[in-house]
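In the numbering used here, the protein residues as written are 87 to 378.
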């Protein structure tokens with residue numbers, strides 16, 4: 087079943103919004119300044135990570151990187167306490183699984199809230215959105231007790247299962263599908279004999295691709311960098327990357343050149359993800375802004 091093009095080209099929208107005018111020198115200068123400010127923390131981390139143990143405390147340190155970066159990276163990777171490769175594997179499994187699950191279930195729930203008619207739909211959506219106002223810390227104790235009763239503490243299942251769907255994802259997809267997906271298209275599919283799940287799979291899911299791509303990217307990043315819950319439920323035998331890098335600071339003397347070298351290694355997959363999926367990310371943000 088083919089899917090008609092429902093969303094206008096965002097590039098044309100941007101041309102209309104800017105009136106077709108070319109950006110001037112001031113715009114480029116402002117963007118260059120933003121780029122420098124955004125890149126500065128990464129360069130500072132690389133500067134310290136390429137030095138030795140005394141670089142951070144040296145008041146006369148140079149802004150030219152040192153020659154010890156690869157040596158410090160080797161210290162992180164080969165450190166038996168850090169368990170780097172197991173942590174990297176766990177972070178990839180957890181982040182990919184959670185991102186895929188959040189996109190699928192949030193789109194499914196968003197389709198139900200936006201296009202299906204059932205009693206209590208408004209109240210139920212309000213209850214889902216209201217959960218975003220509850221701080222994560224309030225649910226830590228009961229959640230940890232549940233994981234302990236199930237015997238999942240110390241396993242990555244304890245990190246994956248509680249994050250399979252998010253209230254923000256449901257709200258985001260409900261808003262998006264409610265604005266871009268015509269009711270007539272859903273009714274046509276139902277007249278052709280498609281049930282609700284087939285309509286979702288062949289009509290709704292392809293139409294939601296820009297918003298789903300943005301939701302998946304942000305969920306992947308949030309899961310990859312999450313430290314709070316994994317540090318509680320996981321231990322040094324089966325960590326994720328943020329938990330394992332914390333072990334670099336467990337000694338009495340902390341070598342920040344090695345710590346920041348490890349932090350940079352953990353950042354590289356996110357930078358690659360932005361480079362590979364940046365077009366989808368910008369498209370999703372622009373369409374969400376235009377529709378909003």
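All C-beta atoms, glycine included, are put in the ideal place defined by N, C-alpha and C.
These numbers were taken from a predicted model, which means no experiment stands behind them.
CA-to-CA distance, residue j to residue i, given in whole angstroms
i, j, result
"residue 172", "residue 286", "37 Å"
"residue 343", "residue 324", "25 Å"
"residue 93", "residue 297", "Its pLDDT being 48, under 50, residue 93 is placed unreliably by the model, and the measurement read from it follows with that caveat. Looking at the two C-alpha atoms, the distance is approximately 11 Å."
"residue 149", "residue 129", "9 Å"
"residue 334", "residue 311", "16 Å"
"residue 224", "residue 363", "34 Å"
"residue 87", "residue 288", "Because residue 87 sits at a pLDDT of 46, beneath the cut-off of 50, its placement in the model cannot be relied upon, and the following sentence gives the value as read from the coordinates. Their backbone Cα atoms lie some 6 Å apart in a straight line."
"residue 202", "residue 269", "10 Å"
"residue 359", "residue 340", "30 Å"
"residue 90", "residue 196", "In this prediction, residue 90 scores a pLDDT of 47, lower than 50, which makes its location untrustworthy; the coordinate-derived value is nonetheless stated afterwards. The straight-line gap from Cα to Cα measures roughly 20 Å."
"residue 213", "residue 278", "34 Å"
"residue 111", "residue 144", "39 Å"
"residue 330", "residue 166", "10 Å"
"residue 361", "residue 175", "21 Å"
"residue 321", "residue 258", "34 Å"
"residue 113", "residue 354", "29 Å"
"residue 217", "residue 209", "13 Å"
"residue 170", "residue 154", "19 Å"
"residue 221", "residue 108", "45 Å"
"residue 119", "residue 162", "33 Å"
"residue 205", "residue 116", "51 Å"
"residue 275", "residue 156", "57 Å"
"residue 272", "residue 200", "11 Å"
"residue 283", "residue 338", "57 Å"
"residue 281", "residue 307", "34 Å"
Beta-carbon spacing of residue i, residue j below 9 Å
i, j, result
"residue 380", "residue 305", "As shown, the chain starts at 87 and ends at 378. That puts residue 380 outside it, with no answer to give."
"residue 152", "residue 133", "yes"
"residue 348", "residue 168", "yes"
"residue 135", "residue 164", "no"
"residue 251", "residue 316", "no"
"residue 177", "residue 352", "yes"
"residue 207", "residue 219", "no"
"residue 122", "residue 191", "no"
"residue 62", "residue 293", "The structure shown has nothing for residue 62, since the chain only spans 87 to 378."
"residue 397", "residue 332", "With the chain covering 87 to 378 only, the question about residue 397 has no answer from this structure."
"residue 290", "residue 253", "no"
7 Å Cβ shell around residue i - same chain, five flanking residues per side excluded
i, result
"residue 309", "180, 181, 184, 185, 249"
"residue 131", "346, 349, 350"
"residue 229", "248"
"residue 233", "239, 244, 319"
"residue 211", "199, 260"
Chain-order list of residues whose beta-carbon lies under 8 Å from that of residue i (same chain, five-residue window excluded)
i, result
"residue 194", "286"
Cβ shell of residue i (< 6 Å), same chain only, five flanking positions each side left out
i, result
"residue 142", "134, 342"
"residue 187", "250"
"residue 235", "none"
"residue 378", "For residue 378, the pLDDT reaches just 45, beneath the cut-off of 50, and the residue's location in the model is therefore unreliable, although a value from the coordinates is still provided. For residue 378, where only same-chain residues beyond five positions count, there are no Cβ hits under 6 Å."
Selected residue, minimal CA-CA separation from residue i, among the options
i, options, result
"residue 231", "117, 319, 331", "319"
"residue 127", "355, 356, 346", "346"
"residue 295", "189, 162, 137", "189"
"residue 357", "228, 117, 124", "124"
"residue 147", "156, 222, 137", "137"
Proximity test, residue i beta-carbon vs the ligand NAD heavy atom, cut-off 8 Å
i, result
"residue 324", "Among the components modelled here there is no ligand, and therefore nothing to report on the ligand NAD."
Any chance the region 259-279 sits against the region 228-240, with 3 or more Cβ pairs inside 8 Å? no
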